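Trainee: Sequence order for the protein chains is C and H. 174 is the number of the first residue of the first sequence in our numbering; add one for each residue after it. 174 is the number of the first residue of the second sequence in our numbering; add one for each residue after it.
Protein chains: 2
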Amino acid sequence: MTAAARIRDTAIELFGREGFGVGLRAIAEEAGVSLGLIRHHFGSKEGLRRACDDHAMGHLQELQAEQVGAGEKTATLLDQLAAIEDYRPFVRYFLQVLRSGDGPASLLIDRLTASTLEYLEAGVAKGMFKPSIDPPARARFLVLMKLGAMVLQHALAGDADDAYDRYIDVAALPGLELYTQGLLTDDTLLDGYLRQREGSSEETAARHERDPS
Amino acid sequence: MTAAARIRDTAIELFGREGFGVGLRAIAEEAGVSLGLIRHHFGSKEGLRRACDDHAMGHLQELQAEQVGAGEKTATLLDQLAAIEDYRPFVRYFLQVLRSGDGPASLLIDRLTASTLEYLEAGVAKGMFKPSIDPPARARFLVLMKLGAMVLQHALAGDADDAYDRYIDVAALPGLELYTQGLLTDDTLLDGYLRQREGSSEETAARHERDPS
DNA sequence: TCACGGGCTATACGCACGTATAATACGTTA
DNA sequence: TAACGTATTATACGTGCGTATAGCCCGTGA
């Protein structure tokens, strides 16, 4: 393996375990190279970060293409990745990206939302999932909740290796229960919200009628 | 207002807006004091951090005691706080605490879980919420998802001021929908999980029977 | 009146970081 | 063989950080 690739992989590992605050010297030592070589190959810390992003995103896209339509249960793509030991460094890296918020975080969320939407719609067609009033919004919401919980759990666990397993332990039952039976006993809150939204959107439409700015 | 209090409030504001990586010099300038005074009053950066934690947690507890049982809709305590302009700095600070994962993050989650559990059980008693197989696990799960989504949204928005409002916009409808009707059309997944769990816990019990370590 | 202590400041120390530069080792090509 | 570019290293620079120290200002009590 070329030294540049080794540096990149080490960086993904260390960024994932300790966050992007980790120093280049630590990465250099862990990779068994000098500090200068990192700079030689990647130009700057941000350059190294970009290379890590590209590499990780490439892996994600690759797997996304492979497993399209292969999912059966309620597992998201990141779940499937985390279940495979070899991909855990990437999952950890992605969680750090999300936690930092910058860089390709929105891109990552958009991609996972898209694949989730696809998966949900297929499930709706098969009669497995209930239809939604606003399918894209539902997909995004579910992704946001799921990833958020994973990020949080990961942060709480002090980035321990078994953070993902512990997440599964605490989330499996309540998640299935919520997905199966919901939480509310009647529709009044949802109906109320829908009526209110309809009202305000009509107001908005009326305003636009008068002054279409 | 005493200078120490001004430093503390400024620190909560800046830590909340820019994260705990912010320098003491920036805090000192914003508070209109010298760098040394922070050290004089709080000993170290960690001391200042502790003072901020205590102050924010105190506010939370205070409000928690005030509003016990006052909640009506599906809003968590942090929602109620975020809705009041004056408390947004505290909400931002709490989100940063959760994001960092260290310090009182678990304590914060435990407290919110406890109040959520209380709220859920009251709702179950009133026939508003469906009962759960494992109420504490459900409460913790809901808190983890909700807070996680908030943290994520906050991180994505680059800590913009309207992050919370944008969160409400995207989460209100899908959230109500999920809470009202669930996601799955039948109970097979949940039943399957329960059967499997029962089986493995019987195995565990049997193992403990033989070798109660 | 004078010593004293706490609020407060100015300045400096040491460290870790990302960055920059110069030099070395080495395989490839003319 | 000689020239050259690439991989790689060692060392130094500048900066911002948290921390440390010495001293000033001033109200208070003996």
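Just so it is clear, CB atoms sit at the ideal spot from N, CA and C, and this is done for glycine as well. These numbers come from a predicted model, not from an experiment.
Measure the CB-CB distance between L268/H and V324/H and report whether it falls below 7 Å.
Mentor: yes
Trainee: Would you kindly check if the distance between the Cβ of Q326/H and the Cβ of A312/H is under 7 Å?
Mentor: Not closer than 7 Å, so no.
Trainee: With 7 Å set as the bound, which would you pick, yes or no: does the beta-carbon of P279/H sit closer than that to a beta-carbon of chain C?
Mentor: In the sequence under discussion, the amino acid at residue 279/H is Ser, which differs from the Pro named in the question. Output row for S279/H: interface = yes.
Trainee: How about D226/C and G276/C: do their beta carbons lie closer than 7 Å?
Mentor: yes
Trainee: Could you say which of G355/C, R370/C, P262/C and S374/C lies nearest to D191/C if we only look at CA atoms?
Mentor: Checking the sequence shown, residue 191/C turns out to be Glu, not Asp. Checked all of G355/C, R370/C, P262/C and S374/C; the closest Cα to E191/C is P262/C.
Trainee: Is it right to say S386/H is buried, meaning 16 or more other beta carbons lie within 10 angstroms of its own, or is it exposed?
Mentor: Residue placement at S386/H is poorly supported in this model, since its pLDDT is 48, which falls under 50; the coordinates still yield a value, given next. S386/H comes out exposed.
Trainee: How many Å lie between D297/H and T289/H at the Cα?
Mentor: The sequence given here places Val at residue 297/H; Asp does not occur at that position. Distance between the alpha carbons of V297/H and T289/H: 12 Å.
Trainee: Identify each residue in the segment 328-350 of chain C for which the Cβ-Cβ distance to at least one residue of chain H is less than 7 Å, and report them in chain order.
Mentor: Listed by position along the chain: A328, L329, G331, V343, A344, A345, L346, P347, G348, L349 and E350.
Trainee: Find out if the Cβ-Cβ distance for the pair I211/C, A201/C is shorter than 7 Å.
Mentor: yes
Trainee: Kindly list the residues whose CB is nearer than 6 Å to the CB of D342/H, restricted to its own chain and excluding five residues on each side of it in sequence; keep chain order.
Mentor: none
Trainee: Is it right to say G231/C is buried, meaning 16 or more other beta carbons lie within 10 angstroms of its own, or is it exposed?
Mentor: Counting of Cβ neighbours within 10 angstroms places G231/C among the exposed residues, the total staying below 16.
Trainee: Beta-carbon within less than 8 Å of A176/H's beta-carbon, same chain only, minus the 5 sequence neighbours each way: which residues are those?
Mentor: A204, V206, L210 and H214
Trainee: First and last residue of the alpha helix (DSSP H) that includes M318/H?
Mentor: P308 to L329
Trainee: Which runs of the alpha helix (DSSP H) at least 4 residues long sit entirely within the segment 230-289 of chain H? Give them in chain order.
Mentor: Runs of the alpha helix (DSSP H) lying entirely within the segment 230-289 of chain H and spanning at least 4 residues, in chain order: 250-256 and 261-273.
Trainee: How about A298/C: is its C-beta nearer than 7 Å to some C-beta of chain H?
Mentor: no
Trainee: Under 7 Å, Cβ to Cβ, is there at least one residue of chain C near L357/H?
Mentor: At a cut-off of 7 Å between beta carbons, L357/H contacts chain C.
Trainee: So the alpha helix (DSSP H) P347/H belongs to, where does it begin and stop?
Mentor: A336 to Q354
Trainee: From the beta carbon of T353/C, is the nearest beta carbon of chain H less than 7 Å away?
Mentor: yes
Trainee: Closest Cβ-Cβ distance between D360/H and chain C: below 7 Å?
Mentor: yes
Trainee: Counting C-beta neighbours from all protein chains within 10 Å, is the total for S305/C 16 or more, i.e. buried, or is it exposed?
Mentor: buried
Trainee: Less than 7 Å between CB atoms is the rule here; does F188/C satisfy it with respect to chain H?
Mentor: no
Trainee: In whole angstroms, give me the CA-to-CA distance for R368/C and L351/H.
Mentor: 17 Å
Trainee: Verify the CB distance criterion: does M318/C have a CB-CB separation below 7 Å to chain H?
Mentor: yes
Trainee: Suppose contacts are defined by Cβ-Cβ distances below 7 Å. Is A328/H in contact with G274/C by that definition?
Mentor: The answer is yes: Cβ separation under 7 Å.
Trainee: Would L208/H be called buried (16 or more neighbouring beta carbons within 10 Å of its own) or exposed?
Mentor: exposed
Trainee: Report the rounded CA-to-CA distance for D307/C versus P347/H, giving the unit in angstroms.
Mentor: 8 Å
Trainee: Is I257/C near the ligand SAH, judged by its Cβ being under 6 Å from some heavy atom?
Mentor: Looking for the ligand SAH in the displayed structure turns up nothing, as the structure carries no ligands at all.
Trainee: From the DSSP output, in three-state form, read off F302/H for me.
Mentor: strand
Trainee: Tell me the rounded alpha-carbon separation between M301/C and A178/C.
Mentor: 43 Å
Trainee: Give the residues from the segment 304-315 of chain H that approach chain C closer than 8 Å (Cβ to any Cβ), ordered along the chain.
Mentor: S305, I306, D307, A310, R311, R313, F314 and L315
Trainee: Hey, K303/C and T249/C: beta-carbon distance below 7 Å or not?
Mentor: In this structure, the beta-carbon distance from K303/C to T249/C does not fall below 7 Å.
Trainee: Would you say G274/C reaches chain H, if we count a Cβ-Cβ gap shorter than 7 Å as a contact?
Mentor: yes
Trainee: So A295/C contacts chain H; which residues on that side make the cut at Cβ distance below 8 Å?
Mentor: In chain order: nothing, as chain H lies at least about 14 Å away.
Trainee: Ordered along the chain, which non-local residues of its own chain (more than five positions away) have a Cβ less than 7 Å from that of G372/C?
Mentor: none
Trainee: Output yes or no for whether 7 Å exceeds the beta carbon distance between F193/C and Y266/C.
Mentor: no
Trainee: With burial defined as no fewer than 16 other Cβ atoms inside 10 Å of the residue's Cβ, what is the status of R181/H: buried or exposed?
Mentor: buried
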